[in-house]
Every structure is written in C-alpha cells, then in structure tokens.
Amino acid sequence: MDPLQPVRGTRDIIGEDQRRHTHVIATARAAAATYGFDEWTTPIFEDTRVFARTLGDTSDVVTKEMYTFSDRGGDSVTLRPENTAGICRALVTNGLTQSLPQKVFYAGPMFRYERPQKGRYRQFHQIGAELIGPAEPLADAEIIALGWDILSALGIEGDIILELNTLGDAASRTAYRAALVDYFTDQRAALSADSQERLDKNPLRILDSKDSRDQMLVQQAPTIAPFLSPEAASFYDAVKLNLTRLGVPFRENPRIVRGLDYYSHTAFEFVTTRLGAQGTVMAGGRYDGLVAEMGGPPTPAVGWAAGIERLSMLLRQSPAPTAPIAVIPMGEAAEIAALTILQTLRRAGLRAEMAYRGNMKRRLERANKIGARAAIILGEDELNRGVAAVKNLATGRQADIAFADLPAHLAE
RNA sequence: GCGGGCAUAGCUCAGAUGGUAGAGCGCCAGGUUGUGGUCUUGGAUGUCGCGGGUUCGAGUCCCGUUGCUCGCCCCA
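Residue numbers (this note's numbering): 126 to 537.
Next comes the structure, spelled out in structure tokens:
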C-alpha cells in the first residue's frame with residue numbers, strides 16, 4: 126500500500142507556511158476594516174445550483190472543475206469553487222438586500238478540481254471583498270484601492286501591476302462580441318485549435334490567449350471602446366478618474382477578460398511576473414446581475430478575490446515568530462515556584478514556556494532551539510533569596526531579578 | 001484534460017558502464033553532577049515513492065502507478 130499522503134492538490138500548511146498564510150489574512154482583514162468592511166463566514170459547500178446557475182456555462186470552473194457530490198439525503202452539493210456566489214446567496218438568505226450597502230470581507234478555502242501547479246491547488250485559500258449595493262463608479266475604484274492597500278501593506282506592490290479594462294454594459298458587450306466573432310471568423314483557419322473552440326464557446330477569451338499566432342491576430346482585433354454606450358464609456362472614465370484620486374496606479378489593458386460570466390463593466394487583475402503561469406494574484410470586477418440570479422432584487426455589486434498561497438509566495442520575508450521566554454527550574458521546589466512565574470508572565474501577555482523534563486544543560490539547549498530571547502533560571506539558591514537569574518540569551522548576560530519585577534523586566 | 005522533467009536519511013543532495021547504500025545539515029549521547037549558542041568525540045538514520053518485470057544479482061534497465069514540478073487549457 127502506498128504511504129498515506131495528502132490528497133492530490135492539497136497540502137498541509139505548517140510552520141513558516143502557516144505564518145505567511147496568517148500574516149496575509151491578518152493584514153488584509155485589518156486593511157478591510159479601515160474601509161468599513163465586515164467579515165462574513167459562509168459555508169464551504171452549498172447547493173450545487175448556487176454555483177451552476179451563476180458562474181456561466183462556458184467557464185471551466187463550472188463545466189469540469191467543481192467538486193460536486195450527493196449527500197446522504199440525495200441532494201447535490203458542491204464545495205465552493207469561489208465565494209462571490211455564496212456571499213450573494215447569503216445576502217439574499219439573510220434579507221440584507223434591505224440594508225445596503227453591504228461591505229463584506231472573507232477568507233477561507235476554495236476547491237477546484239484541476240491539475241495542480243505552482244501556486245495552484247485543488248484546495249486553495251482566498252481572501253476577498255465584495256461591495257454590494259452601490260452602482261456608482263466610486264465603489265469600483267474604492268474596492269480596487271482596498272486591494273492595492275493590502276498589497277502595499279504586504280510589501281509586494283512593487284512586484285505587481287494593476288491591469289484595468291471595461292467589459293461595458295450588456296448592450297455594449299453584445300455588440301462588441303458580435304464584432305469579434307465577425308473578425309475572428311474571417312481568420313478562423315489562422316487561429317490555434319484552442320481559440321477555434323473559444324470562437325464558438327467564448328470568443329472574448331481569444332483576447333488573452335497565450336498562443337503567439339493568436340496574439341498576432343488579437344493585435345489587429347477590434348477593441349471594445351467604439352462599441353461602448355455613452356453611459357458605459359463615462360462609467361469607465363469615472364472609475365479611472367477615481368482610481369487616480371485615490372492614489373492607485375493602473376495600466377489599461379483592453380485584453381483583460383474575466384473568466385466568470387457574471388462580470389460587466391469594470392474588470393481588473395493584479396498581476397506579477399514572479400509566479401510563472403499563475404501570475405494573477407488578485408482579480409475581480411463588477412457583477413450587477415448576480416444577486417438577482419440568486420433570487421434577490423436587482424442589486425449592483427463589485428468585488429475581488431485573491432489567492433492566499435500566491436500572495437504568501439510573493440512575501441519577501443517570512444513573518445518572524447515571537448521569541449519566547451524559557452523558564453528553567455532546578456529541582457522540585459523550584460518547579461512549583463516556576464509554575465507561578467510562568468502564569469504571571471503569560472497573563473502579562475508574554476510568551477513563556479517551560480520544558481517538561483531535562484537538566485539545565487538540556488533545557489538551555491532547548492531554549493536556544495525554540496529561539497527564546499531570555500531564560501529564567503530558578504534553583505534553590507535563587508528561591509531562598511526570592512529572585513530568579515534572568516539570562517539574556519543573545520548577549521549571555523545574566524542578572525538576579527526579584528520575582529515581582531519579572532514581568533516588567535521582561536516586557537519588550 | 002494534454003505534453004516534458006523529477007522521486008535515495010527529517011532537510012539539501014552524491015551514488016559512469018547493474019554487484020544488496022553515502023555526504024553535509026539536523027537529531028541522539030558523552031567531553032561539562034547549576035549555564036545554551038562555538039568546539040570536540042561517538043551513535044542512529046533509509047520498506048532507495050509504490051507495484052510488477054528482465055537478471056545469478058536492480059537505487060541503477062523495462063512496464064505500470066502515485067506524487068511533485070514546468071508548460072498548455074483554465075484560473076486566485
């Protein structure tokens with residue numbers, strides 16, 4: 126039998142990986158709070174219809190990547206492949222369409238059945254933000270600004286470029302799509318096999334093909350600009366203006382197309398060149414039709430999601446663990462007194478640990494190994510005098526400190 | 001779903017042409033019965049990913065399989 130190992134595409138997050146993971150979430154959560162976002166936790170599996178209905182028939186996420194199965198009652202449930210649909214469902218379920226706007230932050234696991242690669246897993250983790258209610262372009266700019274602030278707080282904004290596009294409103298998009306189909310149908314024979322298929326299923330996708338032959342043709346392809354309705358064009362202009370006013374640098378890329386069908390108007394991707402083929406680190410757009418599809422009233426919304434694993438890999442350095450204080454008693458009487466000291470330090474907010482066995486040499490080695498910044502050495506001699514020998518493990522210097530003064534002495 | 005590369009100790013890796021496994025780091029114990037990080041001596045590392053085949057003999061060759069990895073598709 127093969128040794129037990131995590132299921133393909135899943136992994137354990139431990140040690141430095143977990144510190145990076147936690148740091149990304151904590152940083153994003155704090156930034157989202159400054160914008161007035163509240164955190165929601167929704168189920169990691171939903172009625173299959175929540176996703177099947179809304180993501181679109183053409184996206185692979187629906188057609189072949191969902192973890193869908195029947196539960197014991199015979200209902201079809203699906204592990205969430207993304208969380209925007211779930212948030213919209215929760216909005217409707219909880220009657221919050223009456224209390225708009227809702228500004229939602231979330232963090233948690235997502236599941237897609239696809240071939241694992243660097244920065245791409247079958248169970249992966251996302252942070253995300255959704256701004257539900259406002260139809261104004263300031264909302265688009267503001268939520269993008271939140272994303273930019275998070276990347277900046279993580280110290281990785283220098284590796285990332287924000288690419289921006291508009292998909293227009295429904296009428297604009299339909300007209301543009303027809304023009305693209307005309308153009309590419311004329312060139313059909315010159316397209317890659319993948320793009321010939323896209324031409325039938327999702328012609329907009331040809332625009333971000335990586336095939337060099339396709340890219341040549343895409344250069345000459347019509348752009349959406351002339352097809353935008355006056356309203357869609359001025360909406361896009363307002364998004365750009367507000368981004369500039371909010372201090373967010375961006376680059377327009379008319380070939381940005383989002384994968385999921387529910388997007389309209391603003392589409393954006395924060396991309397990096399440091400992660401190979403998985404360069405998209407945070408992406409989103411406006412999805413004005415989704416809440417209605419979930420059974421709610423027509424409700425405009427805009428949001429994004431970001432991959433925690435991808436962000437973690439971009440961090441320039443790993444967050445340092447807090448250096449503990451090692452308490453080292455010598456003998457039984459000292460150990461009893463040490464327990465009191467331990468709890469006093471912990472309740473003062475300090476990280477304090479005591480080994481479960483071993484002589485002083487072993488305990489000091491252990492203290493060194495766990496990165497302790499100080500050791501509190503307590504033997505009969507110290508006990509009788511009401512002091513502890515506090516040794517600074519970086520300098521090696523040691524001094525006797527009265528029990529009552531320990532927390533203050535060791536506070537950072 | 002498609003194509004390429006890889007899999008040897010906890011970690012990073014050596015092991016030409018087939019002759020039943022090594023290094024460094026780490027780990028354990030001693031030099032030091034109340035003083036770590038340096039030094040020094042010694043010790044244990046292991047179904048060579050898994051299964052099958054060829055062979056007197058397979059870590060090494062062949063087939064299958066699982067996982068990782070890079071690219072495509074797709075996407076965070």
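Using N, Cα and C, we set each Cβ at its ideal position, and we do this for glycine too.
Close beta carbons around residue i, own chain, < 6 angstroms, minus the five adjacent residues each side
i: Gln523; result: Ala514 and Lys516
i: Val427; result: Leu256, Ala264, Asp265, Ile268 and Arg411
i: Asp142; result: none
i: Leu221; result: Gln227
i: Glu282; result: Leu276
i: Asn208; result: Tyr231 and Gly253
i: Pro423; result: Ala417
i: Ile139; result: none
Distance between beta carbons of residue j and residue i, contact taken as under 8 angstroms
i: Ala156; j: Leu271; result: 6 angstroms
i: Val217; j: Gly414; result: Incorrect: roughly 13 angstroms between the Cβ atoms, too far for contact.
i: Phe395; j: Val406; result: 5 angstroms
i: Ala402; j: Ala430; result: Their Cβ separation, rounded to whole angstroms, is 18 angstroms, which puts Ala402 and Ala430 out of contact at 8 angstroms.
i: Arg338; j: Ala303; result: Wrong, their Cβ atoms sit about 23 angstroms apart, outside the cutoff.
i: Trp273; j: Val373; result: 5 angstroms
i: Gly432; j: Gly244; result: 7 angstroms
7 angstroms Cβ cutoff met for residue i and residue j
i: Val382; j: Leu440; result: no
i: Ser437; j: His146; result: yes
i: Ile450; j: Leu366; result: no
i: Glu171; j: Arg237; result: no
i: Phe230; j: Ala215; result: no
i: Gly211; j: Thr167; result: yes
i: Ala500; j: Arg491; result: no
i: Ala448; j: Gly496; result: yes
i: Leu305; j: Glu377; result: no
i: Met455; j: Gly504; result: yes
i: Ala477; j: Leu489; result: no
i: Ala346; j: Tyr308; result: yes
i: Leu279; j: Phe375; result: no
i: Ala260; j: Ser297; result: no
i: Thr391; j: Val364; result: yes
i: Ala195; j: Thr173; result: The sequence shown places Ser at residue 195, not Ala. No; because the gap between Cβ atoms is not below 7 angstroms, this pair is not in contact.
i: Ala295; j: Phe352; result: no
i: Leu225; j: Gly258; result: yes
i: Pro425; j: Phe360; result: no
i: Pro328; j: Thr348; result: no
N- and C-terminal bounds of the beta strand (DSSP E) containing residue i
i: Gln251; result: Gln248 to Ile257
i: Phe170; result: Phe170 to Asp172
i: Pro446; result: Run containing Pro446: none; DSSP gives neither H nor E here.
i: Val202; result: Ser201 to Leu204
i: Met235; result: Gln227 to Phe236
i: Ile501; result: Ala499 to Leu503
i: Asp525; result: Gln523 to Ala527
i: Ser195; result: Tyr192 to Ser195
For residue i, the first and last residue of its enclosing alpha helix (DSSP H)
i: Arg488; result: Met485 to Lys494
i: Gly211; result: Thr209 to Thr218
i: Tyr361; result: Pro355 to Arg370
i: Arg435; result: Ile433 to Leu439
i: Ala157; result: Glu141 to Thr159
i: Thr107; result: Only positions 126 to 537 of the chain appear in the structure, and residue 107 is not among them; the question remains open.
8 angstroms Cβ shell around residue i - same chain, five flanking residues per side excluded
i: Tyr246; result: Gly134, Thr135, Arg136 and Glu434
i: Pro532; result: Thr469, Leu470, Ala473 and Leu475
i: Met485; result: Ile453, Met455 and Ile502
i: Leu508; result: Ala458, Ala459 and Ala462
i: Ser317; result: Ser334, Asp336, Arg338 and Asp339
i: Leu129; result: none
Beta bridge counterpart(s) of residue i as assigned by DSSP
i: Val306; result: The partner list for Val306 (beta bridge, DSSP) is empty, contrary to what the question assumes.
i: Phe352; result: DSSP, once it has assigned bridges, lists no residue as partnering Phe352.
i: Trp429; result: Ala254 and Gly409
i: Arg395; result: According to the sequence provided, residue 395 is Phe. The question's Arg does not apply to it. According to DSSP, Phe395 bridges with Leu287 and Met407.
i: Gly479; result: The residue you asked about is not Gly; residue 479 is Met in the sequence shown. Answer is Val452, bridged to Met479.
i: Asn517; result: Ala499
i: Asp163; result: Val229
i: Ile337; result: The residue you asked about is not Ile; residue 337 is Ser in the sequence shown. Beta-bridge pairing links Ser337 to no other residue.
Nonlocal neighbours in the same chain, by C-beta distance under 7 angstroms from residue i, ignoring five residues either side
i: Gln312; result: Leu342
i: Gln340; result: Ser334
i: Met126; result: Residue confidence is low: Met126 scores 46 on pLDDT, short of 50, so the model does not pin down where it sits. No coordinate-derived value is stated.
i: Tyr192; result: Thr203, Leu204, Phe236 and Tyr238
i: Arg144; result: Ser443, Pro444 and Pro446
i: Leu518; result: Ala492, Asn493, Ala497, Arg498, Ala499 and Ala500
i: Pro206; result: Phe176, Val186, Glu190, Met191, Met235, Phe236 and Arg237
i: Arg399; result: Asp284 and Leu439
i: Tyr388; result: Leu292, Gly410, Arg411 and Tyr412
i: Phe162; result: Lys228, Val229, Phe230 and Ala254
heavy atom of the ligand HEM below 6 angstroms from residue i C-beta
i: Thr405; result: This structure lacks the ligand HEM, and indeed carries no ligand of any kind.
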